[in-house]
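Numbering (my numbering), first residue to last: 25 to 561.
We put the CB at the ideal spot given by N, CA and C, even for glycine.
Here is the structure we will look at, set down as structure tokens.
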């Protein structure tokens, strides 16, 4: 059963049980309707809705979005919850997202466990809330707060939710709290749809629109969500009808289909480590070779998750530059308010050491080479690391293009060899290519994938090939933009056009950041100038 029903005294407890995260599918919707039928037949004075496990409801089942709707529809279920003869209480025992939060909004009272998260993130999947979220939430928390949450797809914690009026009460045992809630408190509560909200100010609409266009450029759903939220100051029925029409229209769009593909692809990528069946090693100590922009940012990211880092350079001057690069990253964090100057200094002192050569390295569990994109340089580094570190230490190259098998030729225990290709800036960009060499062991892969999770990266498993995945795509992209430049466009005009299209940065800005030397070395290596069919700069 997707919904369990228990009559306990004068209360009916409806527990949504659809593992692993209690998403709302057809069986859950039907189960809620059947549960309300039982509650009505029992003549209870209150209905409590809660979830099994660690989640209340983590949203709608996105796998149903590409299929025809199945009765009962969620808006009809929520209308029945809101108008039920006995007041309904949401005992939010864990995550309440999307349709899960819409269920809570249809209830008369909301009690949440501290530490849980709530939100309407539908715009991140290319749709809008489709079961009253855009109409009920503004009536509950106000127009400005709703315009801040819904068009951005924001997720907030329970304490923030209580502060803005989204949650009425926090309790470690929300189910028990819902059972003991005084009847007088419930009887005083009007359904959310019976409340009113002032119209949104032009300034608030303008600010929400500008933010949506900046953060989700080119996407349709955030702007549609803003329009729907502003309708909440009018007739509820009209707003709900418009919301449902927009939801169904967007759900069938190519953009929503693409965003759903990304969503499920990312989920599959994040679960790669669990499918290997090997016990990963928790990394506590790491070596990073090369203290330039990339190496320093890799080291900074590692230190940020509690890993001690020895950053290796070729001479004292280079080691001093590497230290300055790391300190600059901490200074940026201070400037952005992510830590105090004292915390930055303490973190840098506690986690970092700067080494010249390989003679005094700690017995780290992983070493990441982030040196110049040159095969001879990287092979020499791997030989030095293999001689200096335990034979169990993972040796990873941050190469963007080169053959990891060739880099590691002659190194003992080839099962520990792999590529870990970060994208710059490494402490910001989510993508991490985990490159499986011919002999890479599943234990080493499991450890790398666990580390990626700690770093909050999106790991993508790649084989050994030229440019792996990301740079194979980028090579074609850059070749095309180079042709546009040959035809007369200036680099900054191309960058501007691509930003306006929706890219965070233009192609030449990216090359400036990652290093023009890398792109130039790759073009020389590939011999593009002499290849037929290539227009080459």
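Using a Cβ distance threshold of 8 Å, residue 165 and residue 125 do not count as a contacting pair. In the same chain as residue 364, and ignoring 5 residues on each side of it, the C-beta atoms closer than 8 Å to its own belong to 358, in chain order. Counting along the chain, residue 226 sits inside the alpha helix (DSSP H) bounded by residues 226–239.
Put simply, the backbone Cα of residue 172 is about 30 Å away from that of residue 353. For the region 422–457, the full-length beta strand (DSSP E) segments reaching 3 residues or more read 441–446 along the chain. DSSP places residue 349 in the helix class (H, G or I) of the three-state scheme.
Counting only runs of at least 3 residues, the region 314–390 fully encloses the following beta strand (DSSP E) elements, listed from N- to C-terminal order: 332–337, 376–380. Below 8 Å, enough C-beta pairs join the region 109–126 and the region 187–202 to call them touching: three or more. Per DSSP, the unbroken alpha helix (DSSP H) holding residue 546 starts and ends at 540–550.
Here residue 451 is buried, its C-beta having at least 16 other C-beta atoms within 10 Å.
Residue state for residue 483 is assigned as strand, using DSSP reduced to three classes.
In chain order, 429, 438, 488 place their CB closer than 8 Å to the CB of residue 462, counting only its own chain and leaving out the 5 sequence neighbours on each side. A Cβ-Cβ distance of about 7 Å is found for the pair residue 435 and residue 419, placing them in contact under the 8 Å criterion.
Residue 286 is classed as exposed because its beta carbon has fewer than 16 other beta carbons within 10 Å across all chains shown.
Runs of beta strand (DSSP E) with 3 or more residues, each lying fully within the region 131–184, are found at 133–136, 141–143, 179–181, listed in chain order. A distance below 8 Å separates the beta carbons of residue 311 and residue 388. About 6 Å separates the beta carbon of residue 142 from that of residue 180, a gap short enough to meet the 8 Å contact definition. Under the DSSP definition of a beta bridge, residue 46 lacks any partner. Within the same chain, 89, 245, 271, 274, 275, 280 come within 8 Å of residue 151 by CB-CB distance, once the 5 residues on both sides are set aside. One alpha carbon belongs to residue 266, the other to residue 158, and they sit about 10 Å apart.
Nearest in C-alpha terms to residue 516, of all of 528, 506, 494, 532, is 532. For residue 304, the closest of 475, 343, 51, 147 by C-alpha to C-alpha distance is 475. CA-to-CA, the gap between residue 35 and residue 70 works out to about 5 Å.
In the displayed model, residue 79 falls within a strand according to three-state DSSP.
Going by DSSP, residue 28 is part of the beta strand (DSSP E) stretching over 27–32. Bridge pairing for residue 84: 48 [DSSP].
Checking the DSSP bridge columns, you'll see residue 119 partnered with 79. Boundaries of the alpha helix (DSSP H) around residue 411: 399–412.
Each of 444, 67, 129, 558 was checked against the Cα of residue 491, and the nearest Cα belongs to 444. Judged by DSSP secondary structure, residue 507 falls within the alpha helix (DSSP H) whose first and last residues are 494–510. Going by beta carbons, residue 81 and residue 46 fall inside the 8 Å limit. Assignment of beta-bridge partners to residue 419 by DSSP yields 391, 441. For residue 39, the enclosing beta strand (DSSP E) has its first and last residue at 35–40. In its own chain, leaving out the 5 sequence neighbours on each side, no residue places its CB closer than 6 Å to the CB of residue 292. By the CB criterion at 8 Å, residue 232 and residue 153 fall outside the cutoff.
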